[in-house]
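Enquirer: Just so you know, UniProt numbering puts the end of the sequence shown at 703, numbered straight through with nothing missing.
Here it is: the structure, laid out below.
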Amino acid sequence: MKQFTPFAGAILLALGKAGVQADDYNHRYKAGDHVDLWVNKVGPYANPQEAYEYYILPYCAPDTRHHPDNEGGSFNVLRAHSIGEVLGGHALRHSGHDLIYPAASTKAETGILETCTTSPLTAEQVSLFATAAQDQWFYQMYVDDLPVWGMVGEMLPDLSSIAASEKFGSDLSHLEEAVAAHTEHGGSFKPYVYTQRTLKVSYNDDRIIKVDLTSEPSSLTEVKEGVTLKFELDIQWETTDTPFHSRFDRYLDHAFFKHQIHWFSIFNSFMMVLFLMGLVGLILLRTLRKDYARYAISHSGGAASSGGRRDVEGGGGGVSDEEDEENEEEDERHALRGGAGGATGVEESGWKLVHGDVFRAPKFLPLLAAILGTGWQVVTLVMGVVLFAVAGPLHGEVHEERGEVLSSILIFYSLSSIVAGYASGSYFKLYHATTAAGRASKTSTAGGNGALAGATQWQLTMALTVLLLPTILGVFLSFLNVIALVYGTIYYIPFLVLLKLFFLWVFVSVPLCVLGTLLGRHAKLGSGFGGGKKGGDPFPCRVNAIPRPIPEDIPWYGVPANLIPLAGLLSFGSIFIELYYILTSLWNYKFYHVYGFLLGVYAILCLVVCMTTIIVVYFCLNSENYLWQWTAFYSGGSTALYVFLYSIYYFVFKTSMHGLVQTAFYFGYMMLISLGVGVLCGTLGHWAANRFVRTIFQNVKVD
């Protein structure tokens, strides 16, 4: 089931996935070995996050004093968990009873494994069982890391009034008919619990292959105050020819995940990519070509008016930076007055006019740099986790191991912190020189106000990059943790686990992020995430000291507020079918395993986001609106709004979730997921727009 490498072992050790018994670890047994039976959780079937420890219900608690593993009092009823298992809401406890592995030649063995009788039920215990029966509580057990589920009880009419109730056996049809008739006549219902369960275990040689759990309808017993309940668990062994590597296939709903609609959605998204590629190609090959031709005519006509000054500038003889900037400002004023176009009769308009402002630093530069750094961290994290899952056959399928996905997310998040630091540092370095503080730091003496302001901005950028995402996660998780603590669910994160997460952040994530920021600030590592080039000027066009006024009469297709929602809608359209499968896996007990589909959809999403953002930025620049940086980020990031709106639709129409606990966890998690999608898409869109803007202005000869 799982092949461990030294790297995987180091990850598991770092996350605390140690202390598991040998048989559960290697999944091999011999005749006479003890096979552990673990109980995990109980809770309403409709509310996956409203889960409690198994023994919150008055089942027979285990007596481990005589357990064979309790030598010298060393047996621990609570199984060791990794951080991923704890975050995933797993709380495995030993049932106090073991299955005895049969001999290989045994065809079938049966026997009563567990028989216990509760004390007379109190009114509080009756109320617990009644709640469990009314809300359709289920419980979960594990045998050799294979999960099984069963219902706690049912709300039924008085079975003594139903003729021949003792003959129902395992056939529920007559019981269901009687219940339906009773409901139709408005009869009252009483809580009943299953007291007899059958555990059927199939094995192949020294491996356990299949585990089934059934609750016997004939054992339904009414719960009322003063009654004692006798619980029995019958164990049946049988052989099977199913190989070990295929034992988890029965848990995977292939018909659901590989449905024709799923394939059609991939094809539909791919066709959208082709359409957008054609649209972007049309802009680049036809529209921009016409723009270049028009601006070439304009430039040739206006060369004489500015040639003298350019000859002096080209000589490079004794022109200072200050004089050079003044010349550039004068040229810009000349262009604004129509000097270039006036000589040829060609009126300049569109994106070329903003060449002196298009690379101006955006507002709130440290904040945008930190957000983009966090976005590149999320991009790296998602890509790493998806590739790790796709490579499952090499190291073990992630859906077969409890908490494996969450553990891998923690590892990739910590290691990708250096990406966040470098991306934010390089982006800040790229645009800081165009700010007033950046220009002052170039002309000021060492220790001057300009240098001091620049250092402060660097520190702010680094601090925001380090704290932005952890702060948001901390606020959300703290709120949910308080709710879990108040209601006593197993999704409460213990203090010790929180301390481990804090240490992981302080001693791994923070140093890597700081290191990445320093590399982005000082190292010459090529183009980087900000789009700068190695050596020379960072931008194709010089930034004017005086900002150009943005026209007020912008057409509707050049207004960012009109374009941003459309861009997000197109991006969401490429993923909403896959989003349905993901949400169903998260909230409706499905094992998501089609990571190849996910990788393809992720690639399509990246392409769609990049191309839609390029289109939005082109229309904005063509309307002489050079404030494109935040617009580019919002264009991709607006996908998050549609993801969250879809999650509301899914909650209302696709689930039966209810109650404060489940509602808080659902919308808390979906807000975090939507935020992650927004930061990821916004970062990719900004990167694509950055490359697009640099490309088109590199091919323009500025007067």
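Quick reminder that beta carbons are idealized off the backbone N, C-alpha and C, glycines included.
Is the segment 608-616 in contact with the segment 579-586, if contact means three or more CB pairs nearer than 8 Å?
Expert: No, because fewer than three Cβ pairs between the segment 608-616 and the segment 579-586 fall closer than 8 Å, the two stretches do not touch.
Enquirer: For G685, is the classification buried or exposed, using 16 other Cβ atoms within 10 angstroms of its Cβ as the cut-off for buried?
Expert: By the neighbour-count rule (16 or more Cβ atoms within 10 Å), G685 is buried.
Enquirer: In this structure, does DSSP put G373 in helix, strand or coil?
Expert: Three-state DSSP puts G373 in a helix.
Enquirer: Indicate whether S635 and A567 have their beta-carbon atoms separated by less than 8 Å.
Expert: Yes.
Enquirer: For P44, which beta-bridge partners are listed by DSSP?
Expert: W137, per the DSSP bridge assignment.
Enquirer: If you run the structure through DSSP and keep just helix, strand and coil, what is H94?
Expert: In the structure shown, H94 sits in a strand (DSSP, three-state: E or B).
Enquirer: Of all the CB atoms in chain D, is at least one closer than 8 Å to the CB of W587?
Expert: Any reference to chain D falls outside this structure, which holds one protein chain only.
Enquirer: Among the residues of its own chain, which have a CB less than 8 Å from the CB of L515, if the five just before and after it don't count?
Expert: Answer for L515: I418 and G421, listed in chain order.
Enquirer: Just to confirm my understanding: we take R521, look at its own chain, exclude 5 residues before and 5 after, and list those with CB closer than 7 Å. What are they?
Expert: Taken in chain order, the residues that qualify are G425, K429 and W458.
Enquirer: Does the pairing of the segment 189-208 with the segment 235-251 give three or more beta-carbon distances under 8 Å?
Expert: The segment 189-208 is in contact with the segment 235-251.
Enquirer: Counting beta carbon pairs with one atom in the segment 688-696 and one in the segment 649-656, are three or more of them shorter than 8 Å?
Expert: No, the segment 649-656 is not in contact with the segment 688-696.
Enquirer: Assuming the contact rule is C-beta atoms closer than 8 Å, R207 and L233 should be a hit. Round their C-beta distance to whole Å, please.
Expert: With 8 Å as the limit, R207 and L233 do not qualify as a contact, their Cβ atoms being about 22 Å apart.
Enquirer: How would you write the range of the beta strand (DSSP E) that P147 sits in, first residue to last?
Expert: It spans L146 to M151 - the beta strand (DSSP E) in which P147 sits, taken as one unbroken run.
Enquirer: CB-CB under 6 Å to H399, same chain, minus the five flanking residues each way: which ones, in chain order?
Expert: Contacts found: F591 and H593.
Enquirer: Taking the beta strand (DSSP E) that P565 falls in, what are its first and last residues?
Expert: Where P565 is concerned, there is no enclosing beta strand (DSSP E), although the alpha helix (DSSP H) it sits in stretches over P560 to G573.
Enquirer: What separation, rounded to the nearest whole angstrom, lies between the Cα atoms of L387 and Y602?
Expert: Rounded to whole angstroms, L387 to Y602 spans 11 Å at the Cα level.
Enquirer: Run through DSSP, which three-state label would I472 get?
Expert: Here I472 sits in helix by DSSP.
Enquirer: Going residue by residue through the segment 625-684, where are the continuous alpha helix (DSSP H) segments of at least 4 residues, counting only ones entirely within it?
Expert: For the segment 625-684, whole alpha helix (DSSP H) runs of length 4 or above, ordered along the chain, are 629-637 and 639-653.
Enquirer: Where does N622 fall in DSSP's three states?
Expert: Three-state result, N622: helix.
Enquirer: By a C-beta neighbour count over all protein chains shown, 10 Å radius and 16 as the cutoff for buried, is E552 buried or exposed?
Expert: Flag for E552 reads exposed.
Enquirer: Could you give the distance in angstroms between the alpha-carbon of residue 709 and the alpha-carbon of L410?
Expert: Lying outside 1 to 703, the shown extent of the chain, residue 709 is not represented and no answer is given.
Enquirer: Assign R250 to one of three DSSP states: helix, strand, or coil.
Expert: If DSSP states are grouped into helix, strand and coil, R250 belongs with the helices.
Enquirer: Could you check if T683 is buried or exposed, using at least 16 other CB atoms within 10 Å of its CB as the buried criterion?
Expert: Buried.
Enquirer: In whole angstroms, what separates the C-alpha of V466 from that of L368?
Expert: The alpha-carbon atoms of V466 and L368 are separated by roughly 13 Å.
Enquirer: Would V378 and G676 qualify as a contact pair, given that the criterion is a beta-carbon distance under 8 Å?
Expert: Yes, these two residues count as a Cβ contact at 8 Å.
Enquirer: Three-state secondary structure (DSSP) at R207?
Expert: Three-state result, R207: strand.
Enquirer: Look up P243 in the DSSP assignment and give the residues it is bridged to.
Expert: Paired residues: none, contrary to the question.
Enquirer: Cβ of G596 within 8 Å of Cβ of I266?
Expert: Result no, Cβ atoms of G596 and I266 do not sit closer than 8 Å.
Enquirer: Report the option in T287, L579, M155 and L512 whose CA atom is closest to the CA atom of S647.
Expert: Selected option, being the one with the closest Cα: L579.
Enquirer: Give every residue of the same chain whose Cβ lies closer than 6 Å to the Cβ of Y626, excluding the five residues on either side of it in the sequence, and list them in chain order.
Expert: Closer than 6 Å at Cβ, skipping near neighbours: V354, D357 and V358.
Enquirer: In the DSSP output, what is I100 paired with across the bridge?
Expert: Per DSSP, H34.
Enquirer: Since I575 contacts L605 with CB under 8 Å, what's their CB separation in whole angstroms?
Expert: Between L605 and I575 the Cβ distance is about 5 Å, and since that is below 8 Å, they are a contact.
Enquirer: Could you tell me if residue 715 is buried or exposed, where buried requires 16 or more neighbouring beta carbons within 10 angstroms of its beta carbon?
Expert: In the structure displayed, the chain extends from 1 to 703; residue 715 sits before or after that span and is not available.
Enquirer: In terms of residue numbering, what span does the beta strand (DSSP E) encompassing E222 cover?
Expert: Here the beta strand (DSSP E) through E222 covers L220 to E222.
Enquirer: Alpha carbon to alpha carbon, how far is R289 from N699? Give it in angstroms, no decimals.
Expert: Cα to Cα, N699 sits roughly 10 Å from R289.
Enquirer: Rounded to whole angstroms, what's the CA-CA distance from V126 to I100? Just pull it up for me.
Expert: Each residue's alpha carbon lies about 34 Å from the other.
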